[in-house]
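Residue 184 in this note's numbering sits at position 49 of the sequence shown, and the numbers go up by one each step.
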Amino acid sequence: MHLFLSFLIICAGIIWMEIKRLPQHSHKKERNIFIVFMTISIIIALAKIFRLPLPNPSDWVEVMFQPLSHLLFRWIT
């Protein structure tokens with residue numbers, strides 16, 4: 136639990152420091168993209184902290200191309 140809270144405090148500090156650097160009125164897209172990527176990275180890091188199973192990128196590729204491979208295999212045989 137202490138690791139979780141300290142991680143969130145560190146992430147909040149990093150987000151605050153980085154957003155403070157960006158100009159307020161311009162670069163809204165850049166700020167939004169930063170928030171999206173930071174949120175994704177925080178979620179992945181929390182999953183690693185709690186030892187949750189994370190899919191490997193090769194698993195995603197396998198799921199994407201499996202229907203195509205079955206179709207090609209049927210066509211060849």
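By construction, the Cβ of each residue, glycine as well, lies at the ideal position given by its N, Cα and C atoms.
Reduced DSSP secondary structure (H/G/I, E/B, other) of residue i
i, result
"residue 159", "coil"
"residue 167", "helix"
"residue 188", "coil"
"residue 174", "helix"
"residue 136", "coil"
Whether residue i touches residue j by CB criterion (8 Å)
i, j, result
"residue 146", "residue 170", "no"
"residue 184", "residue 143", "no"
"residue 189", "residue 179", "yes"
"residue 149", "residue 166", "no"
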